[in-house]
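In full-length UniProt numbering, the protein residues as written are 1 to 128.
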(Lines of atoms letter the chains of each structure in order from A; the text may use other names.)
(Lines give C-alpha, C1' and ligand atoms only; values in the text may rest on other atoms or scores of the structure.)
Protein backbone atom coordinates (compact mmCIF):
# COMPACT_ATOMS: atom_id res chain seq x y z
CA UNK A 1 0.00 0.00 0.00
CA UNK A 2 1.36 3.41 -0.89
CA UNK A 3 0.60 6.95 0.27
CA UNK A 4 -1.80 7.56 -2.62
CA UNK A 5 -3.94 4.54 -1.69
CA UNK A 6 -4.05 5.57 1.97
CA UNK A 7 -4.97 9.15 1.07
CA UNK A 8 -7.77 7.89 -1.18
CA UNK A 9 -9.12 5.64 1.59
CA UNK A 10 -8.92 8.33 4.27
CA UNK A 11 -10.56 10.87 1.95
CA UNK A 12 -13.43 8.43 1.42
CA UNK A 13 -13.93 8.28 5.20
CA UNK A 14 -13.70 12.06 5.63
CA UNK A 15 -17.47 12.50 5.44
CA UNK A 16 -19.99 11.89 8.26
CA UNK A 17 -22.30 9.44 6.49
CA UNK A 18 -19.47 7.40 5.01
CA UNK A 19 -17.59 7.23 8.31
CA UNK A 20 -20.79 6.17 10.09
CA UNK A 21 -21.46 3.57 7.43
CA UNK A 22 -17.92 2.19 7.70
CA UNK A 23 -18.22 1.92 11.48
CA UNK A 24 -21.66 0.32 11.18
CA UNK A 25 -20.28 -2.25 8.73
CA UNK A 26 -17.12 -3.05 10.67
CA UNK A 27 -19.25 -3.78 13.74
CA UNK A 28 -21.14 -6.36 11.70
CA UNK A 29 -18.20 -8.28 10.31
CA UNK A 30 -18.04 -10.79 8.78
CA UNK A 31 -21.68 -11.06 7.70
CA UNK A 32 -22.01 -7.75 5.88
CA UNK A 33 -25.20 -5.76 5.40
CA UNK A 34 -27.49 -5.32 2.37
CA UNK A 35 -27.34 -1.84 0.83
CA UNK A 36 -31.03 -1.18 1.49
CA UNK A 37 -30.66 -2.06 5.17
CA UNK A 38 -27.68 0.29 5.45
CA UNK A 39 -29.72 3.14 3.99
CA UNK A 40 -32.60 2.48 6.40
CA UNK A 41 -30.42 2.07 9.48
CA UNK A 42 -28.47 5.25 8.77
CA UNK A 43 -31.51 7.25 7.64
CA UNK A 44 -30.06 8.00 4.21
CA UNK A 45 -31.94 7.88 0.89
CA UNK A 46 -31.02 4.75 -1.07
CA UNK A 47 -29.58 6.65 -4.04
CA UNK A 48 -27.38 8.70 -1.71
CA UNK A 49 -26.25 5.56 0.12
CA UNK A 50 -25.41 3.94 -3.22
CA UNK A 51 -23.13 6.86 -4.06
CA UNK A 52 -21.44 6.64 -0.65
CA UNK A 53 -20.97 2.88 -0.99
CA UNK A 54 -19.48 3.34 -4.46
CA UNK A 55 -17.02 5.91 -3.11
CA UNK A 56 -15.86 3.59 -0.34
CA UNK A 57 -15.74 0.55 -2.63
CA UNK A 58 -13.70 2.46 -5.23
CA UNK A 59 -11.34 3.55 -2.44
CA UNK A 60 -10.77 -0.12 -1.57
CA UNK A 61 -12.46 0.01 1.83
CA UNK A 62 -15.48 -2.17 1.07
CA UNK A 63 -16.30 -5.29 -0.89
CA UNK A 64 -19.69 -5.92 -2.42
CA UNK A 65 -21.19 -9.36 -2.95
CA UNK A 66 -24.47 -10.17 -4.62
CA UNK A 67 -26.61 -12.59 -2.63
CA UNK A 68 -29.83 -13.25 -4.48
CA UNK A 69 -31.46 -9.91 -5.21
CA UNK A 70 -29.44 -8.00 -2.63
CA UNK A 71 -25.93 -6.62 -2.66
CA UNK A 72 -24.21 -7.12 0.68
CA UNK A 73 -21.42 -4.76 1.68
CA UNK A 74 -18.70 -5.47 4.17
CA UNK A 75 -15.40 -3.94 5.15
CA UNK A 76 -12.33 -5.23 3.34
CA UNK A 77 -10.49 -6.08 6.55
CA UNK A 78 -7.25 -6.89 4.74
CA UNK A 79 -7.23 -3.46 3.07
CA UNK A 80 -8.06 -1.83 6.42
CA UNK A 81 -5.18 -3.73 8.04
CA UNK A 82 -2.79 -2.50 5.32
CA UNK A 83 -3.97 1.11 5.83
CA UNK A 84 -3.39 0.95 9.59
CA UNK A 85 0.00 -0.71 9.12
CA UNK A 86 1.00 1.94 6.58
CA UNK A 87 0.04 4.68 9.03
CA UNK A 88 2.03 3.02 11.81
CA UNK A 89 4.97 1.97 9.64
CA UNK A 90 7.45 4.38 11.19
CA UNK A 91 5.67 4.72 14.52
CA UNK A 92 7.77 6.11 17.31
CA UNK A 93 11.02 5.77 15.34
CA UNK A 94 11.12 2.06 16.06
CA UNK A 95 10.98 2.59 19.83
CA UNK A 96 8.85 -0.35 20.88
CA UNK A 97 8.24 1.13 24.33
CA UNK A 98 6.51 4.14 22.81
CA UNK A 99 4.41 2.04 20.41
CA UNK A 100 3.39 -0.59 22.96
CA UNK A 101 0.56 1.45 24.57
CA UNK A 102 -0.96 2.20 21.16
CA UNK A 103 -0.85 -1.45 20.13
CA UNK A 104 -2.26 -2.52 23.51
CA UNK A 105 -5.12 -0.03 23.17
CA UNK A 106 -5.95 -1.33 19.70
CA UNK A 107 -5.98 -4.92 20.96
CA UNK A 108 -8.08 -3.95 24.00
CA UNK A 109 -10.61 -2.14 21.79
CA UNK A 110 -11.17 -5.32 19.80
CA UNK A 111 -11.55 -7.44 22.93
CA UNK A 112 -13.96 -4.97 24.55
CA UNK A 113 -16.51 -5.13 21.71
CA UNK A 114 -19.66 -6.84 22.97
CA UNK A 115 -20.78 -9.99 21.18
CA UNK A 116 -23.16 -9.23 18.30
CA UNK A 117 -26.07 -10.90 20.06
CA UNK A 118 -25.70 -8.54 23.05
CA UNK A 119 -24.88 -5.29 21.24
CA UNK A 120 -27.58 -2.90 20.21
CA UNK A 121 -27.05 0.19 18.11
CA UNK A 122 -27.31 2.41 21.17
CA UNK A 123 -24.64 0.41 23.00
CA UNK A 124 -22.32 0.84 20.01
CA UNK A 125 -22.96 4.59 20.07
CA UNK A 126 -22.15 4.74 23.78
CA UNK A 127 -18.97 2.74 23.17
CA UNK A 128 -17.59 5.56 21.00
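Just so you know, even glycine gets a beta-carbon here, dropped at the ideal spot from N, CA and C.
Scanning its chain for C-beta atoms nearer than 7 Å, with the 5 sequence neighbours on each side dropped, one finds around residue 73 the residues 25, 32, 33, 35, 38, 53, 62 and 64, in chain order. Non-local C-beta neighbours of residue 99 in its own chain, meaning closer than 7 Å and more than five positions away in sequence, comprise 91 and 92, ordered along the chain. In the three-state DSSP reduction, residue 30 falls in the coil class, being neither helix nor strand. For residue 85, the closest alpha carbon among the candidates 44, 28 and 106 is that of 106.
As a beta-bridge residue in DSSP terms, residue 73 pairs with 33 and 64.
For residue 44, the three-state secondary structure derived from DSSP is coil. Taken atom to atom, the span from the alpha-carbon of residue 10 to that of residue 57 is near 12 Å. Around the beta carbon of residue 81, a 10 Å sphere encloses fewer than 16 other beta carbons of the protein chains shown; the residue is thus reported as exposed.
Taking C-beta atoms under 8 Å as the contact rule, residue 51 and residue 12 fail to qualify, at a distance of about 12 Å. Look at residue 1 here: in three-state DSSP terms it is coil, with no helix or strand label. The Cβ-Cβ distance between residue 109 and residue 75 does not fall below 8 Å. Here residue 55 is buried. Its C-beta has 16 or more other C-beta atoms within 10 Å.
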